[in-house]
Every structure is written in structure tokens, then in C-alpha cells.
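To convert, take the position in the sequence shown, counting from 1, and add 17; that gives my numbering.
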Amino acid sequence: MNSKFSVGHKQALWAGARPLWQLLALGLAASLLAACQTVQTTSAGQVGVTRNQYMGVSAAQVDAASAQSYRKMLEEAGRKKQLNLDAVMLARVQGIATRLIAQTSHFRPDAPGWRWETNVFHTDQVNAFCMAGGKIGIYSGLIQKLKITDDELAAVMGHEIAHALREHVREQVSLQQAARLPGVVLAVVTGNQALADLGDMITDVSLTLPRSRGAEKEADVIGVELAARAGYDPRAAISLWQKMNQLGGGRPPEFLSTHPAPESRQQDLARISEVVMPLYEQSRRR
């Protein structure tokens with residue numbers, strides 16, 4: 018921002034104001050720490066997810082930044098003629114999403130009322146995501162390369178929706194912001210305004226950065242329960258993982274990369290599938 022003051026004048030003003038800025042910095046630090054709280058974002062569900070989470074960034078901030086990032090992705094895909102090119106594929110994906118979203122109330126009563134969106138990006142990439150607030154993206158490479166069944170696609174989408182329900186992006190951004198708190202204070206004290214953009218950070222966390230194993234395990238178990246409640250066979254999560262390993266030569270795609278060994282994960286999925294099988298059977302009778 019341009020200023021009418023000379024450099025010398027600004028330095029003199031800054032020197033005189035230094036104690037005030039230090040007080041402001043301390044106040045900012047106190048505010049950030051006070052804002053950080055441990056919360057439980059979802060009900061436990063049949064699978065029993067009860068971990069409290071550390072939140073220092075508001076849900077409104079994360080939702081707004083995610084919506085903006087999602088809009089940019091849609092615009093870019095549209096320009097490249099990579100958005101929703103196959104009407105049958107889009108209808109299939111959106112139909113599965115609709116059934117899964119209807120079951121999110123078992124974990125969060127507010128979730129069915131989110132502004133959900135589901136779109137298909139036509140690239141060879143084997144990927145999927147659900148950004149904060151319910152912004153879903155499925156890549157055609159996931160469907161075509163894996164020859165994915167509806168049950169398996171529900172497992173993928175349930176996993177990604179679970180990340181949004183548990184607000185894992187907000188949690189990870191909060192932890193990153195807390196780690197940078199000394200730098201934030203220093204920026205205020207020194208007058209340095211070069212702070213990282215929250216929107217870029219949220220995009221990175223949503224699409225590229227690996228999440229903690231704890232978050233991934235929560236997404237697995239909640240995703241399996243969502244699929245079962247929606248009438249999709251929860252055991253498909255196991256066959257999906259086997260396909261992923263075969264495709265990647267033993268390595269999962271990046272969006273599922275932070276996990277225990279494949280054998281351990283398949284055992285966990287098999288165990289959770291048995292827990293939620295009664296929900297699946299009940300949904301099939303409706």
C-alpha cells in the first residue's frame with residue numbers, strides 16, 4: 018500500500034509506536050490461543066469415532082475459502098473442456114452422492130443442509146476429494162482405470178465425505194496456524210505483512226498434502242458406515258483397496274497415501290465392515 022509519509026517519517030512513527038505494536042502482538046497471540054479449542058465435530062456413529070479435535074480457525078473461514086477454491090477449479094476445468102463431459106457418468110456419481118449425503122445426519126444433523134456440489138473432472142488422474150462444506154470432485158480416471166463398481170465408488174466418496182464431516186482440513190490448517198503462531202506475532206511486531214494466504218493453504222491441505230493417519234482411519238470407518246447406511250456393500254472398501262494397490266504397483270494413489278501398511282488397512286476395513294453389515298442389511302430391506 019502506498020503512503021504519503023517519507024521513509025524517515027514512517028520509521029520515526031514506527032519506533033514511537035513499538036510498545037503499542039508489541040501489546041497488539043501479545044493480544045493477537047492471546048486471541049489465537051483462546052480461539053483454539055478442542056471439539057468433537059461429529060457423533061460417534063456405529064463405528065465409535067470419539068476423538069476430540071484441535072480447532073483454531075473458524076469453520077466459516079474454511080468453508081468460504083474452500084468454496085472459492087472449488088469455483089476456481091470448476092472454471093479452470095471448464096476452460097480446458099474437462100468438466101462433466103459424460104452425462105451418464107455424472108448422473109451415476111451424483112446419484113451415489115445423493116444417497117450418501119442423506120445419511121450424513123447420523124454424524125452431523127447440520128450436514129444434509131450444506132451446499133453440496135458434485136462434479137466430475139475428466140482427466141486420467143485417479144483421485145477424489147470432498148472439500149469443506151460439501152464440495153465433491155471425482156476424477157474420471159478413478160472410475161475408468163479401476164473399472165469401479167457402484168459399491169466401490171460409494172466407498173471412495175464416503176471416505177472423502179467423512180473428511181468433510183470431521184472437518185479434517187480445518188483441523189490440519191488450525192495445527193499449521195498454531196505452529197506458525199510465533200511467526201505471526203513476529204510479523205505484527207516488525208510490521209511484516211507477508212503472511213501466508215489462508216485460501217492457498219486450504220487448497221493444499223484439501224487436495225495435495227497427506228493427512229494424519231488418525232484422520233485417514235476416521236475417514237475410512239465413517240465412510241464405510243455411510244456407505245452401508247446408504248445401501249452400498251461396505252465390503253467393497255476392501256476390493257477397492259486391492260484394486261488401488263494393483264494399479265499403483267503396491268502404492269496407493271496420493272489421496273489415500275497416508276495409511277498403515279495395506280495388509281493392516283484391509284484387516285481394519287474387514288473388521289469395520291462386519292460391524293456395519295447389519296446397517297447395510299437393514300437398508301437393503303427398506
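For glycine and all other residues, C-beta sits at the position ideal for the given N, C-alpha and C.
- Pairwise C-beta distances place the segment 157-167 out of contact with the segment 122-129, as fewer than three of them are shorter than 8 Å.
- In this structure, R116 is the residue among R116, H180, A82 and G151 with its C-alpha nearest to the C-alpha of D167.
- Contact check between the segment 52-66 and the segment 179-188: three or more CB pairs, one atom from each, fall below 8 Å, which counts as touching.
- Rounded to whole angstroms, the Cβ separation of Y71 and S191 is 6 Å, and the two are in contact under 8 Å.
- Taking A76 as the centre and dropping the five residues before and after it, the same chain places the C-beta of A149, E184 and R187 closer than 8 Å to its C-beta, in chain order.
- Shown here, N262 sits in a helix according to DSSP, grouped into three states.
- With a cutoff of 9 Å on beta-carbon distance, A145 and G240 are scored as not near each other.
- Of all alpha-carbon atoms in R302, V238, A247 and L286, the one lying nearest the alpha-carbon of Q259 is that of L286.
- Annotation for Y87: the continuous alpha helix (DSSP H) segment containing it runs A76 to R96.
- Residue range R230 to R246 is occupied by the alpha helix (DSSP H) that includes G240.
- By the neighbour-count definition (other C-beta atoms within 10 Å, threshold 16), L170 is a buried residue.
- Q189 places its beta carbon less than 9 Å from that of A232.
- Judged by beta-carbon spacing, A245 lies within the 9 Å limit of S290, meaning their Cβ atoms are closer than that value.
- The C-beta distance from G175 to L243 rounds to 4 Å, short enough to meet the 8 Å contact threshold.
- Taking 9 Å as the cut-off, the beta carbon of G154 is found no closer than this to the beta carbon of V143.
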